[in-house]
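Student: Chains as they are written, first to last, in this note's numbering: chain A, 8 to 378; chain B, 3 to 647.
Beta carbons: idealized from backbone N, C-alpha and C, even for Gly.
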Amino acid sequence: MQVFGPNELVDDVLKRDFCIGCGACVNLCPYFRSYYGKTAMLFPCTLSQGQCFAYCPKVEVDLDALSSGLLGSAYDGSPLGGVQEVLASRAGEKTGPGPFQAGGTVSALVSFALQTGRIDAAVLTDREGLIPVPRLVTEASEVATYATSKFTAAPTLAALNQGRRDGHTRMGVVGTPCQVTAVAQMRLNPLDKKDFQDGVGLVVGLFCTWAVDTRRLAALLSERVDPRGIRKMDMPPPPSELMVIDTGRGKVEIPLDEIRPLVPQGCQICPDMTSEWADVSVGVMEGTPEWNTLIVRTEKGRELVEEARQEGVLVTEAMPETNLGRLRTASLNKKKRALVRAREKGVLNTSDDGSRSALRVRDEVLKRILG
Amino acid sequence: MSHLVDGEPGSRHLMMGNEAIARGALEAGVSVAAGYPGTPSSEIIETLAKAAEARGLYVEWSTNEKVALEVAAAASFAGLRGLAVMKQNGVNVASDFLLHLAGSGTRGGMVLIPCDDPGALSSINEGESRHFARLVEVPLLEPGDFQEAKDMVKWAFELSEELQSLVMLRSVTRLSHASGDVTFGALPEGQPQAAFHCDGFVLDANEGAVMSAPVDYKHGQQHDKLKKAEALFETCPFNTYTGPEKPEVLVITSSACNLYSREAIKLLDVEGRVGLLKLGTTWPIPPRLVEKHLGLTDKVLIVEEVVCFLEDQVKILTAELGAQVGVKTFFGKRDGSLPMVGEMNPDHVAAALAKILGVQAESVPEEYAGRAQEAGFVGAPGRELTFCPGCPHRASFWSIHNALELDNRKGFVCGDIGCYTMGVLPAGFSTLKTVHAMGSGTGVASGFGKLGPFGLDQPVLSVCGDSTFFHSAIPALINAVHHKSDITMVLLDNSGTGMTGFQPHPGLPRDALGEDAPAIDPAEVCRAMGARVEIADPFDIETTQQVLLDLLQDRKGVKVLVLRQICALSPEKKGKKLYEMTLDQEVCVGENCGCNRLCTRIFRCPGLVWDHEKQAARLDEVICTGCGVCASICPSGAIQRREVA
Ligand SMILES: Cc1cc2nc3c(=O)[nH]c(=O)nc-3n(C[C@H](O)[C@H](O)[C@H](O)COP(=O)(O)OP(=O)(O)OC[C@H]3O[C@@H](n4cnc5c(N)ncnc54)[C@H](O)[C@@H]3O)c2cc1C
Ligand code: SF4
Ligand code: SF4
Ligand code: SF4
Ligand code: SF4
Numbered sequence: 008m009q010v011f012g013p014n015e016l017v018d019d020v021l022k023r024d025f026c027i028g029c030g031a032c033v034n035l036c037p038y039f040r041s042y043y044g045k046t047a048m049l050f051p052c053t054l055s056q057g058q059c060f061a062y063c064p065k066v067e068v069d070l071d072a073l074s075s076g077l078l079g080s081a082y083d084g085s086p087l088g089g090v091q092e093v094l095a096s097r098a099g100e101k102t103g104p105g106p107f108q109a110g111g112t113v114s115a116l117v118s119f120a121l122q123t124g125r126i127d128a129a130v131l132t133d134r135e136g137l138i139p140v141p142r143l144v145t146e147a148s149e150v151a152t153y154a155t156s157k158f159t160a161a162p163t164l165a166a167l168n169q170g171r172r173d174g175h176t177r178m179g180v181v182g183t184p185c186q187v188t189a190v191a192q193m194r195l196n197p198l199d200k201k202d203f204q205d206g207v208g209l210v211v212g213l214f215c216t217w218a219v220d221t222r223r224l225a226a227l228l229s230e231r232v233d234p235r236g237i238r239k240m241d242m243p244p245p246p247s248e249l250m251v252i253d254t255g256r257g258k259v260e261i262p263l264d265e266i267r268p269l270v271p272q273g274c275q276i277c278p279d280m281t282s283e284w285a286d287v288s289v290g291v292m293e294g295t296p297e298w299n300t301l302i303v304r305t306e307k308g309r310e311l312v313e314e315a316r317q318e319g320v321l322v323t324e325a326m327p328e329t330n331l332g333r334l335r336t337a338s339l340n341k342k343k344r345a346l347v348r349a350r351e352k353g354v355l356n357t358s359d360d361g362s363r364s365a366l367r368v369r370d371e372v373l374k375r376i377l378g
Numbered sequence: 003m004s005h006l007v008d009g010e011p012g013s014r015h016l017m018m019g020n021e022a023i024a025r026g027a028l029e030a031g032v033s034v035a036a037g038y039p040g041t042p043s044s045e046i047i048e049t050l051a052k053a054a055e056a057r058g059l060y061v062e063w064s065t066n067e068k069v070a071l072e073v074a075a076a077a078s079f080a081g082l083r084g085l086a087v088m089k090q091n092g093v094n095v096a097s098d099f100l101l102h103l104a105g106s107g108t109r110g111g112m113v114l115i116p117c118d119d120p121g122a123l124s125s126i127n128e129g130e131s132r133h134f135a136r137l138v139e140v141p142l143l144e145p146g147d148f149q150e151a152k153d154m155v156k157w158a159f160e161l162s163e164e165l166q167s168l169v170m171l172r173s174v175t176r177l178s179h180a181s182g183d184v185t186f187g188a189l190p191e192g193q194p195q196a197a198f199h200c201d202g203f204v205l206d207a208n209e210g211a212v213m214s215a216p217v218d219y220k221h222g223q224q225h226d227k228l229k230k231a232e233a234l235f236e237t238c239p240f241n242t243y244t245g246p247e248k249p250e251v252l253v254i255t256s257s258a259c260n261l262y263s264r265e266a267i268k269l270l271d272v273e274g275r276v277g278l279l280k281l282g283t284t285w286p287i288p289p290r291l292v293e294k295h296l297g298l299t300d301k302v303l304i305v306e307e308v309v310c311f312l313e314d315q316v317k318i319l320t321a322e323l324g325a326q327v328g329v330k331t332f333f334g335k336r337d338g339s340l341p342m343v344g345e346m347n348p349d350h351v352a353a354a355l356a357k358i359l360g361v362q363a364e365s366v367p368e369e370y371a372g373r374a375q376e377a378g379f380v381g382a383p384g385r386e387l388t389f390c391p392g393c394p395h396r397a398s399f400w401s402i403h404n405a406l407e408l409d410n411r412k413g414f415v416c417g418d419i420g421c422y423t424m425g426v427l428p429a430g431f432s433t434l435k436t437v438h439a440m441g442s443g444t445g446v447a448s449g450f451g452k453l454g455p456f457g458l459d460q461p462v463l464s465v466c467g468d469s470t471f472f473h474s475a476i477p478a479l480i481n482a483v484h485h486k487s488d489i490t491m492v493l494l495d496n497s498g499t500g501m502t503g504f505q506p507h508p509g510l511p512r513d514a515l516g517e518d519a520p521a522i523d524p525a526e527v528c529r530a531m532g533a534r535v536e537i538a539d540p541f542d543i544e545t546t547q548q549v550l551l552d553l554l555q556d557r558k559g560v561k562v563l564v565l566r567q568i569c570a571l572s573p574e575k576k577g578k579k580l581y582e583m584t585l586d587q588e589v590c591v592g593e594n595c596g597c598n599r600l601c602t603r604i605f606r607c608p609g610l611v612w613d614h615e616k617q618a619a620r621l622d623e624v625i626c627t628g629c630g631v632c633a634s635i636c637p638s639g640a641i642q643r644r645e646v647a
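#1: How would you label Gln193 (chain B), buried or exposed, when you count the other beta carbons within 10 angstroms and need 16 or more for buried?
#2: In its own chain, which residues sit with a C-beta less than 6 Å from the C-beta of Ala161 (chain A), not counting the 5 before and 5 after it?
#3: DSSP three-state call for Pro307 (chain A): helix, strand or coil?
#4: Roughly how many angstroms separate the alpha carbons of Asn127 (chain B) and Glu345 (chain B), rounded to a whole number?
#5: Pick out whichever of A:Glu293, A:Gly44, A:Leu224 and A:Gly30 has its Cα sitting closest to the Cα of Cys59 (chain A).
#6: For Pro637 (chain B), which residues in chain A fall below 7 Å Cβ to Cβ?
#7: Quick one: what's got a C-beta closer than 7 Å to Arg557 (chain B)'s C-beta in the same chain, skipping five residues either side?
#8: So the candidates are B:Ser167, B:Arg644, B:Cys595 and B:Phe472; which of them puts its Cα closest to the Cα of Lys200 (chain A)?
#9: So if DSSP puts Trp612 (chain B) in a beta bridge, which residue, or which two residues, is it bridged to?
#10: In this structure, how does DSSP classify Thr175 (chain B) when only helix, strand and coil are distinguished?
#11: Secondary structure at Lys156 (chain B), three-state DSSP: helix, strand or coil?
#12: What does Lys45 (chain A) reach in chain B if we use C-beta pairs closer than 7 Å?
#13: Taking the alpha-carbon of Asn299 (chain A) as reference, which of A:Ile237, A:Ala129 and A:Ser114 has the nearest alpha-carbon?
#14: Under the DSSP definition of a beta bridge, which residues are partnered with Phe333 (chain B)?
#15: Does the structure place the segment 64 to 76 of chain B close enough to the segment 106 to 116 of chain B that three or more beta carbon pairs sit under 8 Å?
#16: How far does the beta strand (DSSP E) with Arg644 (chain B) in it extend, from its first residue to its last?
#17: Name the two residues that bound the continuous alpha helix (DSSP H) containing Asp218 (chain B).
#18: How many angstroms separate the CA atom of Asp2 (chain B) from the CA atom of Gln548 (chain B)?
#19: Say whether chain B places a C-beta atom closer than 7 Å to the C-beta of Leu167 (chain A).
#20: Residues in the same chain with beta-carbon distance under 6 Å from Lys157 (chain A), minus the five sequence neighbours each way, listed in chain order, please.
#21: Between which two residues does the alpha helix (DSSP H) containing Pro2 (chain B) stretch?
#22: Which stretch, first to last residue, makes up the alpha helix (DSSP H) that contains Gly353 (chain A)?
#23: Among all the DSSP beta bridges, which residues are the ones paired with Trp285 (chain B)?
#24: State the Cα-Cα distance for the pair Ile641 (chain B) and Ser398 (chain B), rounded to the nearest angstrom.
#25: Quick check: what's the CA-CA separation for Phe504 (chain B) versus Cys32 (chain A)?
#26: Under 6 Å from any heavy atom of ligand 2, does the C-beta of Pro162 (chain A) make it?
#27: So with CB distances below 7 Å, who are the chain B contacts of Phe50 (chain A)?
#28: Any heavy atom of ligand 4 within a distance shorter than 6 Å of the CB on Ser469 (chain B)?
#29: Measure the beta-carbon distance from Gln192 (chain A) to Ala61 (chain A) and round it to whole angstroms, keeping in mind my assumption that it falls under 8 Å.
#30: Going by C-alpha distance, which of B:Leu458, B:Val446 and B:His350 is nearest Ile476 (chain B)?
#31: May I ask you to report which of helix, strand or coil DSSP gives Ser634 (chain B)?
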């Protein structure tokens, strides 16, 4: 893993417009800040190595280093990453009522983890109008308040960094794949600091194909929707081709053709659809909107799911093989698109030639993925 | 100060040039003095204000220089002696009225004293006021030393009354701010009475209406006055010649350059070879007197500062005199003997003279120069231009800078003149992107704010001080409101004219004489215009930043943010701490990732220093004013503040 400093981060990510605004560089120091969906550097910093660069999921993401560091084996490019089990799931009786985005699996698992002391705080994402806002939550009862998906790229990890400064040591993070990648990089202590504490106790990853740019979405909707009234946003699975916004006074449907141009560049080089570096990953389940797809990845994830099920917090079923197939295909397609795009943009490094890049993957793995 | 009023006639006093000018005005029996603060002129009005009670004068700091000239002119129209004082840029502001006043003529003695700043020691331009005398056609006087600074003021009033014309008397920084011996004259007795006679025949200079029309009649009269002035100048005692009967070189000079020329001649030890014609009356120059001295030699060196003025006039005269004086070789600015820009000094004059005379000019012995340079290099720490410790402007620019970076649309700030001009420098985080005349920040912003339809989508801000607001930003702001320009004006209200020494302005509840005065609240003025107005304390960085971000989101129309916090140097505040500050070097993150010296590398309040040994920041308790701002920027909590009871 190559670690440079803030100047390289600005050059490679902010200036090239690859920043996804994940918040991993925010609140580490006084320089990087997030406002209204955008990350800004307030003043120049002169350090040649920094946490900001090390954690950013849009620069020098070395997939082999992540895989060997976290899973103990080289990155092999399999469509869903490391998987113990894929299930269908939803919140059980013991979890309070929604509204959830889909089955409420995420909220159920996070509030349960808080309740049982597995985590000392949860890093969640709230919404003020159209602006996604990070929240650090310590009460299990508060978790549901911040349920539902905000389809705008969010600076969620700013709350993680803040929580670490505030002394939390076992935080549960809910994040999109880019955010989960950033958290994975944090956990590897890339700056080799003594007494290093990543502060993370659990990572719940979301599935994600793309997000939209907050400011551009706000501009698009400014004439059609009063952002203060928005209750929920949804993107029903294909073939709907719509973003549906529940305004409280009926639903506004925006064709995805209008939305897709608002997808930031950073999403276009993102190879991960299922949050491969999480403990568990959660997405929607095609055809059954009240259920989730749940990927159990780590031991920690398995124990959590198991216990939550025993306590009636979560309900699971087997995942039908057809769904699993489609999930694999969708995930593989995202990998292909992203790697091709990254190669076109000259930010894919396959040869260890020392040049800076966004993504690092071995040539043989790249060939395998692209088929 | 008491000798200013009590000093006996004939007594000698060491005085600053501006004090000498003020004493001259008192000896002339001035009744009304008005000005606008501006270095190097401010002490004249301040000194007169102190003498006001004892001498029965009315003194004011006017809202701007044009108003100052108008106020003083009213005294003249009512038969009193009136004085207007300003720095050189002020004459630009006053120039519209100046032209009309030159045309209308005056009654009681009326003198305008502009103080120029060659070399821009306390300015952002090298403006010139001398050329205004020629432009609007009024006589111009220039004292050449401190005694003259006093004496010529009195003479200027007499001349003004004799000609019934405004008279300009120009000083420069090195005369206004340096000190020398001055012998006093007597102060007049009695209180002159004011009456404005205006019912006479319209063309009657003493009883009719006061105006510059009918123009050809009045303009003709003005030229008669100038002819008369020219004649009087031929024998004016302030025009002097020193030197041999047949000099090899004739130096023609005026003002502070007189002092430099005298020193240069002495330095080169060429008193026997060089003649010095010092003119106290520099527009119009007295033709016969100059002709006489031109006849002494063929080589003429003209020593003056900034834009050629004497040089032009002398050359025109020489051309007119053609046959009588013959061909001359001129040295000065135009042939490169003297620099075109910057302040004059004895070295420049000595170098020019040495070249003409073919002698060695070694103003500073080489060995001494070498040693001085060495000592400077080793001994003197690098000092940058910066805001004072605890200055509200540093905090204000911090928030403006951060809000614009967060907003992330390449917003920029238009500024103007004041301490806050330093906002262009790292001291103000390089936040200002245009700087022009007073009030211009808002005028320029008003223009930028209309460029939306041409594709300009950057947020437009202006900053303006409280004194500047009253001086000239109000029309600009009205323009912006009326034309629905999309701008945010940040009013940096530090409750005084900080840069020039806390002179009062219309926003404050007292006037130049220290008396109670109705204060005008800029926030209310802006509200009355229909602007959205917010008020914040710049020391509260969080709130200030948030309010600014909100205003920036509000794209339409004019928004005003008043950032109110008293200047750190103001007499009310000096020495009083809001907070007791502490810095825990154990907690300080220092150069490491997580801070990288934010306080000493970027924020740079002089109260914080980098401790190389400890590799941590350190608080300089002597310098720190206890504003508490650094505690809110420190990311580690190393800097703490405790409210002072
Ligand atoms: C930008 C985005 C794109 C997505 N794309 C897909 C997709 O293509 N396919 C798919 O199957 N699923 C996708 N999802 C996941 C899906 O929308 C649901 O979040 C997931 O199924 C969990 O449902 P739930 O009912 O358990 O969530 P809930 O119990 O309602 O909890 C949702 C959680 O997501 C967190 N969250 C909300 N918005 C964000 C955000 N912008 N960034 C980080 N965290 C956030 C909240 O803090 C909350 O804890 C996407 C989610 C997001 C945020
Ligand atoms: S190197 Fe460290 S201090 Fe500098 S910007 Fe990055 S995170 Fe901040
Ligand atoms: S992608 Fe995340 S870590 Fe990288 S620059 Fe943007 S906000 Fe910072
Ligand atoms: S801002 Fe705070 S942590 Fe940073 S160098 Fe200054 S005192 Fe230390
Ligand atoms: S409190 Fe801090 S910022 Fe204010 S004067 Fe003292 S050192 Fe400077």
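Tutor: With the structure as the only source:
#1: exposed
#2: Thr132 and Pro139
#3: Just to set this straight, residue 307 (chain A) is Lys in the shown sequence, not Pro. Helix, per DSSP.
#4: 12 Å
#5: A:Gly30
#6: Going along chain A in sequence order, the residues near Pro637 (chain B) (Cβ under 7 Å) are Cys36 and Pro37.
#7: Taking C-beta separations shorter than 7 Å and ignoring five residues to either side along the sequence, the partners of Arg557 (chain B) in its chain run Asp488, following chain order.
#8: B:Cys595
#9: Beta-bridge pairing links Trp612 (chain B) to B:Ala619.
#10: helix
#11: helix
#12: Ordered by position in chain B, the residues that pass the 7 Å Cβ test against Lys45 (chain A) are Asn410.
#13: A:Ser114
#14: DSSP lists B:Leu303 as partners of Phe333 (chain B).
#15: Touching, yes.
#16: Ile641 to Glu645
#17: Val217 to Glu236
#18: In the structure as shown, chain B begins at 3 and stops at 647. Residue 2 (chain B) is therefore absent and cannot be evaluated.
#19: no
#20: Thr132, Arg134 and Pro139
#21: The structure shown does not extend to residue 2 (chain B), since chain B is modelled only from 3 through 647, so no value can be given for it.
#22: Run containing Gly353 (chain A): none; DSSP gives neither H nor E here.
#23: B:Leu142
#24: 20 Å
#25: Their Cα atoms are separated by approximately 44 Å.
#26: no
#27: Ile604
#28: no
#29: 6 Å
#30: B:Val446
#31: Secondary structure at Ser634 (chain B): helix, using DSSP grouped into helix, strand and coil.
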